[in-house]
Amino acid sequence: DPITPLLNQWTYQSMVHELLGIKNNLVELPQDLVAMPKGCQDSQSIVLSPIADDFYQQIMYSDFGSLHDSVLSKLEEFKKANPAMTKGANVSFKTIGEMQKFVEKYPQMHKMKDNVSKHVNLLQCLSKVVDRQNLMAVSELEQQLACVQDHKTALKQLLPMIGGEGGTNYKVSDKDKMRLVLLYCLRYQKEATKGTLEQIKAILPNQRLPGSFTPHVGAPEEGMPPANKMPEVMLDVCGSGARTPQSDLFNRGVTAVMSTAVKGLSKGQDNAYMMHEPLLGRLLRHIDKGKLPEDTYPYKMCSSQRSVVDAMRALKRGPSEVIVFFMGGATYAEARVVHKFNEQNKHMRVVLGGTSMLTCHTFMESVVAKAAASRKQATSP
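Each residue of the sequence shown is one higher than the one before, starting from 10 at the first, in the working numbering.
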């Protein structure tokens, strides 16, 4: 599934990892985005652990729009628990900035069990990145590319966003331009003409992407290729020729996607920026119904288990426990899919694992590494 790691995510844990980075449950706050409250002796590092932070455990899978309400509720709890401290103060929580000022004014909040102040800091940080990189507009187009089949409209929206004709008013980072181009190439690989792809590649800079990769075990690290070479690399590794029909990522029509989005909005669940569902969600439903295709997902079992498997298929039910492990890395978006599935299906428990937790950039590094390994294998005697 090359689509999920390319998309900007809009749930708390996913956003923090993609925009700020989570490493060993630790988040480093950039100095230019947020200042620590007065009286706080902590460094710019914040610990994010669902085991040690009950509040984080409650909101880690919440969408960005719901975070404000959750944090607001905690701040109101603090006000009620400390009436003497906040008496006579003109306290308002209409904006994230007002929340930040409140946290700075009352450093006692750092002694609260859930340490809500760090979540206010993170929320402020995320909000600044979203505004600075124009992620609302970027994500809206990403979802259209991932979920809606309309090549003419997609190209018309893409070109100005990545700096083509009429795109001078868009403030989009090079990384997000790359996301959009790669999503377009994956979605419209068959529809786009060679001239269109060359036009798009010409807009991208002929400069190396940041980061590095290891082409194979024991080899030294190499620099990433220029940005205008990435579409070709992505299509070689993740294009339609590398995917089986059963795992095709673009088999849903406009009507199905839009009806799902409207349904989600009416229930207060996922919104227009979260229409896309990772492939893992579909696979788990297939497993649950005993319909996972064996030709795509083969398995080996003992002869004593044959009768059990035959019974599950007859009843159209899956096993009671499933381990999903991603070689190359999983995403926090897929972790959310597993969390939601476990909440809604008590008869089957799913555990997610992977060699790493991907961001968009680490995913692109892994794609380049795989392409280099394939080239080496093809040229080896």
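Note that CB positions come from ideal geometry on N, CA and C, so glycine has one too.
Check	Outcome
Return the Cβ separation of D297 and M357 in integer angstroms, given the expectation that the two are a contact with Cβ distance under 8 Å.	6 Å
Within 10 angstroms of its Cβ, does A211 collect 16 or more other Cβ (buried), or is it exposed?	exposed
Answer yes if the segment 185-198 comes into contact with the segment 333-341, meaning at least three C-beta pairs across the two stretches below 8 Å, and no otherwise.	no
If distances are taken between C-alpha atoms only, which option among M283, H128, N215, S329 comes closest to C156?	M283
At the level of alpha carbons, what is the spacing between A201 and L150?	17 Å
Just grab the DSSP bridge partners of P235 for me.	R217
Taking V237 as the reference, which of K184, R196, E286 has the closest Cα?	First, the amino acid is wrong: residue 237 is Asn here, not Val. The residue with the shortest Cα to Cα distance from N237 is K184.
On the criterion of 16 or more Cβ atoms from any shown chain inside 10 Å, does P14 qualify as buried, or is it exposed?	buried
With 16 as the cutoff for other CB atoms within 10 Å, does K83 come out buried or exposed?	buried
Considering I332, what are the terminal residues of the alpha helix (DSSP H) in which it resides?	That residue, I332, is in no alpha helix (DSSP H); its beta strand (DSSP E) goes 330-335.
Measure the C-alpha to C-alpha separation of L293 and S79 and round it to an integer number of angstroms.	30 Å
Ordered along the chain, which non-local residues of its own chain (more than five positions away) have a Cβ less than 6 Å from that of D72?	W19, T20
Whole angstroms are fine: how far does the CA of S329 sit from the CA of E231?	44 Å
Would DSSP call A211 helix, strand or coil?	helix
Report all residues from its chain with a CB closer than 6 Å to the CB of G362; omit the five preceding and five following residues, and keep chain order.	F334
From what residue to what residue does the beta strand (DSSP E) around R358 run?	358-363
For M170, which residues from the same chain have a beta carbon less than 8 Å from its beta carbon, with the 5 sequence-adjacent residues on both sides left out?	A146, V147, L150, G176, Y179, V181, K186, L189
Determine the DSSP secondary structure at T202, reduced to helix, strand or coil.	coil
Going along the chain, which residues of its own chain have a beta-carbon closer than 8 Å to the beta-carbon of V25, five neighbours each way excluded?	I31, V36, L57, L131, L135
Please report how far the alpha carbon of M243 lies from the alpha carbon of V377, in whole angstroms.	8 Å
Considering only their Cβ atoms, is the gap separating G299 from G327 smaller than 8 Å?	yes
Would you please state the rounded distance, in angstroms, between the beta carbons of H285 and Y70? I believe it to be under 8 Å.	No, H285 and Y70 are not in contact; Cβ-Cβ is about 16 Å, not under 8 Å.
Could you tell me how far apart the beta carbons of P287 and V346 are, in whole angstroms, since I believe they sit closer than 8 Å?	5 Å
Could you please give me the residues that DSSP links to I55 through a beta bridge?	V36
So, for Q40: in the same chain, excluding its five sequence neighbours on each side, which residues have a beta-carbon less than 8 Å away from its beta-carbon?	Q53
Taking the alpha-carbon positions, what's the L214 to G74 distance?	Contrary to the premise, residue 214 reads as Pro rather than Leu in this sequence. Looking at the two C-alpha atoms, the distance is approximately 34 Å.
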